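J.: Before I ask anything, here is the structure I am working with.
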Amino acid sequence: MRLLFLAVLRPHTGNAVTAGRLRDHLEAAGHMCVLRDAFDFESPSEIANLIVGENLEAALALHLYRGGRLLQGHGIPFGVIFGGTDLNEDANHKEKKEVMGKVLEEARFAVAFTEAMKDTAEWGLGTGKKSVRPWYGIATIPNADFNWNTFLQQSEIDQSADDLHIFLVICGLRPVKDPLYLVDAFSEWHQETPNVYMVIVGPEVDPVFTREVKDRVRRASGVRLIREMCQEDLHAVVKSCFALVNSSVSEGMSAAILEAMDLEVPVLARNIPGNSAVVEHGVTGLLFSNPQEFIQLAKRLVSDPALEKEIVTNGREYVRTHHSWQVERDTYQRLIGKLEACSED
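For the sequence shown, UniProt numbering assigns the number 1 to the initial residue and increments by one for each residue that follows.
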């Protein structure tokens, strides 16, 4: 089947990585998948021309508002995958909420990564459409040739510091990811304990906000900002760091958190619905509600190897049990099979 897949494809972002992985799943089942950036289209009429020109038979959208709204009224069956900001942010705007409700009415299925997202979609958007929650699959492939010491040197981190602890924040530089949330508190901690560093890695998504981040980090002791890197190198950095940190204001499903668990690295995450859906406090990770609590938990993790080991073990087991790459592949191939059946009717 010839399938259109709309997603937001900013390089090195979670949505782009997820879209690429799902495309691989669909093509492995023999479908021809045309993956396009939703931001390249301004109206459904442009999509209509693409559908005719490419002879497309069905469609899939990752992000209910940005992608889903473009798929309405074309006469081909489609499904939608909630991205996170569609439910956490766009659903708070009346006009966008109405649009998303209409998209769900027409969609043949809707995918929510967590129970919290599922509830928001079904009750917050006022639709009775059944959402399914497939297994969000994780597969990590760290670059075996990655040089950690070179990375530290390029990051201007003192490699001679005894018992170095790197706390890694992976996010696109935009307000919803809130990479500056912990900067001041962490900088104060670094001045007391010079062997702890925070490294922020990610693409420059919002130019204005990026300038603010660069300015703050430049003045913050013990905090570094690194440009985005390829997935294999990023996984190698995660594997070598002490802990993965997520300080987002809202999340759908954080791939970085799950990848850290898979790579046996402890996770400290801001206590928001998207994070608490995958991080059980004190079991698979640590949840914090403010910068001061983060520092307390980070210090505890540094000083308590037994806690670190327990969290790492539980996190790895959680990912193996609940986020199988193969189960995700089977699930999406089954869902697209529904669209294929509709297309043949």
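By construction, the Cβ of each residue, glycine as well, lies at the ideal position given by its N, Cα and C atoms.
For clarity, every value in this text was computed on a predicted model and none was experimentally measured.
With distances taken from CA atoms, which of 97, 295 and 85 is nearest residue 191?
T.: In the sequence shown, residue 191 corresponds to position 191, counting from 1. Of 97, 295 and 85, the residue nearest in Cα terms is 295.
J.: Quick one: what's got a C-beta closer than 6 Å to residue 80's C-beta in the same chain, skipping five residues either side?
T.: Here the question's residue 80 lines up with position 80 in the sequence shown. Excluding residues within five positions, the ones whose Cβ falls inside 6 Å are 61, 64, 68, 107 and 110.
J.: Can you tell me the Cα-Cα spacing of residue 175 and residue 102, whole angstroms?
T.: Within the sequence shown, residue 175 is the residue found at index 175, counting from 1. Within the sequence shown, residue 102 is the residue found at index 102, counting from 1. Approximately 28 Å between the Cα atoms of the pair.
J.: Please report the residue range of the beta strand (DSSP E) in which residue 165 lies.
T.: In the sequence shown, the residue the question calls residue 165 occupies position 165. Note, residue 165: beta strand (DSSP E), 165-170.
J.: Count the other CB atoms within 10 Å of the CB of residue 247; is the residue buried (16 or more) or exposed (fewer)?
T.: Position 247 of the sequence shown, counted from the start, is the residue given in the question as residue 247. Buried.
J.: In angstroms with no decimal places, state the Cα-to-Cα distance between residue 138 and residue 43.
T.: Walking along the sequence shown from the start, residue 138 turns up at place 138. Walking along the sequence shown from the start, residue 43 turns up at place 43. Residue 138 and residue 43: Cα-Cα distance of roughly 33 Å.
J.: State the start and end residues of the unbroken alpha helix (DSSP H) segment that holds residue 295.
T.: Position 295 of the sequence shown holds residue 295. Taken as a continuous stretch (DSSP letters only), the alpha helix (DSSP H) holding residue 295 covers 291-303.
J.: Thinking residue 410 and residue 202 are a contact (beta carbons under 8 Å), I'd like their distance in whole angstroms, please.
T.: Any property of residue 410 remains undetermined from this structure, which presents the chain solely from 1 to 345.
J.: So the candidates are 95, 265, 230 and 242; which of them puts its Cα closest to the Cα of residue 167?
T.: For the purposes of this step, residue 167 is taken as the residue at position 167 of the sequence shown. Checked all of 95, 265, 230 and 242; the closest Cα to residue 167 is 242.
J.: Determine whether the beta carbon atoms of residue 346 and residue 274 lie at a separation below 8 Å.
T.: What is shown of the chain runs 1 to 345, which leaves residue 346 out entirely.
J.: So what does residue 33 bridge to, in DSSP terms?
T.: Reading the sequence shown from its first residue, position 33 is the one you call residue 33. DSSP, once it has assigned bridges, lists 3 as partnering residue 33.
J.: Given a cut-off of 8 Å on the beta-carbon distance, is the pair residue 272 and residue 245 in contact?
T.: The residue labelled residue 272 in the question sits at position 272 within the sequence shown. The residue labelled residue 245 in the question sits at position 245 within the sequence shown. Not in contact: residue 272 and residue 245 (Cβ atoms no closer than 8 Å).
J.: Answer with buried or exposed for residue 15, where buried requires no fewer than 16 other C-beta atoms within 10 angstroms of its C-beta.
T.: Here residue 15 is taken as the residue at index 15 of the sequence shown, counted from 1. Residue 15 should be labelled buried.
J.: Across the stretch 24-41 and the stretch 142-155, are there enough close Cβ pairs to call them in contact, namely three or more that are closer than 8 Å?
T.: No, they do not touch.
J.: Pull up the CB-CB distance for residue 258 and residue 238, whole angstroms please, since I reckon it's below 8 Å.
T.: The sequence position of residue 258 within the sequence shown is 258, counting from 1. The sequence position of residue 238 within the sequence shown is 238, counting from 1. The Cβ separation is near 11 Å, so there is no contact.
J.: With DSSP collapsed to three states, give me the class of residue 288.
T.: What you label residue 288 is simply residue 288 of the sequence shown in a count that begins at 1. Looking at residue 288 - three-state DSSP - the assignment turns out to be strand.
J.: What runs of the beta strand (DSSP E), each 3 residues or longer, lie entirely inside the stretch 137-210?
T.: Taking only runs of at least 3 residues, the beta strand (DSSP E) segments lying wholly in the stretch 137-210 are 165-170 and 196-201.
J.: Evaluate contact between the stretch 206-224 and the stretch 38-54, counting only Cβ atoms and requiring at least three cross-stretch pairs below 8 Å.
T.: Contact between the stretch 206-224 and the stretch 38-54 is absent, because fewer than three Cβ pairs lie under 8 Å.
J.: Three-state secondary structure (DSSP) at residue 270?
T.: Reading the sequence shown from its first residue, position 270 is the one you call residue 270. In this structure, residue 270 counts as strand in the three-state DSSP scheme.
J.: If I follow the unbroken alpha helix (DSSP H) through residue 47, where does it start and stop?
T.: As a position in the sequence shown, residue 47 is number 47, starting the count at 1. Taken as a continuous stretch (DSSP letters only), the alpha helix (DSSP H) holding residue 47 covers 44-54.
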